[in-house]
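Asks: Line by line, the protein sequences give chains V and X.
Residues in the first sequence are numbered consecutively from 6, following the working numbering.
Residues in the second sequence are numbered consecutively from 10, following the working numbering.
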Amino acid sequence: SAVISQKPSRDICQRGTSLTIQCQVDSQVTMMFWYRQQPGQSLTLIATANQGSEATYESGFVIDKFPISRPNLTFSTLTVSNMSPEDSSIYLCSVYGGQNYEQYFGPGTRLTVT
Amino acid sequence: GIQVEQSPPDLILQEGANSTLRCNFSDSVNNLQWFHQNPWGQLINLFYIPSGTKQNGRLSATTVATERYSLLYISSSQTTDSGVYFCAPGGYQKVTFGTGTKLQVIP
């Protein structure tokens, strides 16, 4: 398995501002995933981040809105830019761990935009 | 993309009861996982089960890949089983989360 931490755990932000979320893993991993979970909804993949290359974004998500950095094999950041109330969600970082393609999740960042 | 349906959407159980959660998916997959999201939001990986049957304590899961469905069995339910259960089928690069089954176990 993998132990994942995220910062901040929660934040309340004003519209128009940006927030950077950090994800730290206790082991080196090739792929890191960023998900969004809107209130009462399922998880939606935002992008996949590989070290040393540009992140791959899913349909409906763009780099200008959700820039991602992946400076090394244990760390990644997701920025939510020019926030609006619709960005209020839980943002989760995930990695593969174990022998198979089992995914493990960080505790999430609860973002409220006012 | 792959379509994922979970049933039932909501379930209330008396403590000690058994239940079966179902996940139907539209395409062939080589990756399928079951997760439990507890009331505090933490996601726990329960099973990696692209095919066959696995058991872990009171929980077991079966995936019939040729028929594109997976089942999660919960026996002798406890209040700590409450939360949302997600299945996530897909490939090695990406999985798609289902809509979830919200389970409430009452004492």
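Glycine included, C-beta positions come from ideal geometry on N, C-alpha and C.
1) Check each residue of the segment 84–95 of chain V: if its Cβ is closer than 9 angstroms to any Cβ of chain X, include it; give the result in chain order.
2) Are the CB atoms of residue 71 of chain V and residue 53 of chain V within a distance shorter than 9 angstroms?
3) Could you name each continuous beta strand (DSSP E) segment of 3 residues or more that falls completely within the segment 19–105 of chain V, going from the start of the chain to the end?
4) Please report the distance separating the alpha-carbon of residue 59 of chain V from that of residue 102 of chain V.
5) Would you call the CB atoms of residue 29 of chain X and residue 78 of chain X closer than 9 angstroms?
6) If you measure beta-carbon to beta-carbon, which residues of the segment 50–68 of chain X are closer than 9 angstroms to chain V?
7) When you compare the CB positions of residue 48 of chain V and residue 52 of chain X, do they come within less than 9 angstroms of one another, or not?
8) With DSSP as the reference, label residue 119 of chain V as helix, strand or coil.
9) If residue 57 of chain X and residue 107 of chain V are in contact, beta carbons under 8 angstroms, what's the gap, nearest whole angstrom?
10) Over what stretch of residues does the beta strand (DSSP E) that includes residue 98 of chain X continue unbroken?
11) Can you give me the Cβ contacts of residue 90 of chain X inside the same chain, cut-off strictly under 7 angstroms, excluding the 5 residues immediately before and after it?
12) Give the residues from the segment 21–40 of chain X that approach chain V closer than 7 angstroms (Cβ to any Cβ), ordered along the chain.
13) Is the beta carbon of residue 118 of chain V closer than 9 angstroms to that of residue 93 of chain V?
Replies: On the basis of the data shown:
1) 95
2) Against the first sequence, residue 53 of chain V aligns to sequence position 48. Against the first sequence, residue 71 of chain V aligns to sequence position 66. Remark: C-beta atoms of residue 53 of chain V and residue 71 of chain V do not approach each other more closely than 9 angstroms.
3) 24–30, 36–42, 48–55, 73–77, 80–85, 94–102
4) The sequence position of residue 59 of chain V within the first sequence is 54, counting from 1. The sequence position of residue 102 of chain V within the first sequence is 97, counting from 1. Rounded to the nearest angstrom, the two C-alpha atoms are 22 angstroms apart.
5) For the purposes of this step, residue 29 of chain X is taken as residue 20 along the second sequence, with counting starting at 1. For the purposes of this step, residue 78 of chain X is taken as residue 69 along the second sequence, with counting starting at 1. No, Cβ-Cβ distance for residue 29 of chain X and residue 78 of chain X is not below 9 angstroms.
6) 50, 51, 52, 53, 54, 56, 57, 59
7) As a working note, residue 48 of chain V is residue 43 in the first sequence. As a working note, residue 52 of chain X is residue 43 in the second sequence. It is a contact, given that the beta carbons lie within the stated cut-off.
8) Residue 119 of chain V sits at position 114 when you count from the first residue of the first sequence. Reduced to three states, the DSSP call for residue 119 of chain V is coil.
9) Residue numbering aside, residue 57 of chain X sits at position 48 when the second sequence is read from its first letter. Residue numbering aside, residue 107 of chain V sits at position 102 when the first sequence is read from its first letter. Contact holds; Cβ gap of about 4 angstroms.
10) Position 89 of the second sequence, counted from the start, is the residue given in the question as residue 98 of chain X. Start and end: 92–99.
11) On the second sequence, position 81 is the one that residue 90 of chain X refers to. Excluding residues within five positions, the ones whose Cβ falls inside 7 angstroms are 83, 112, 114.
12) 40
13) Numbered from 1 along the first sequence, position 88 holds the residue referred to as residue 93 of chain V. Numbered from 1 along the first sequence, position 113 holds the residue referred to as residue 118 of chain V. Yes, Cβ-Cβ distance for residue 93 of chain V and residue 118 of chain V is below 9 angstroms.
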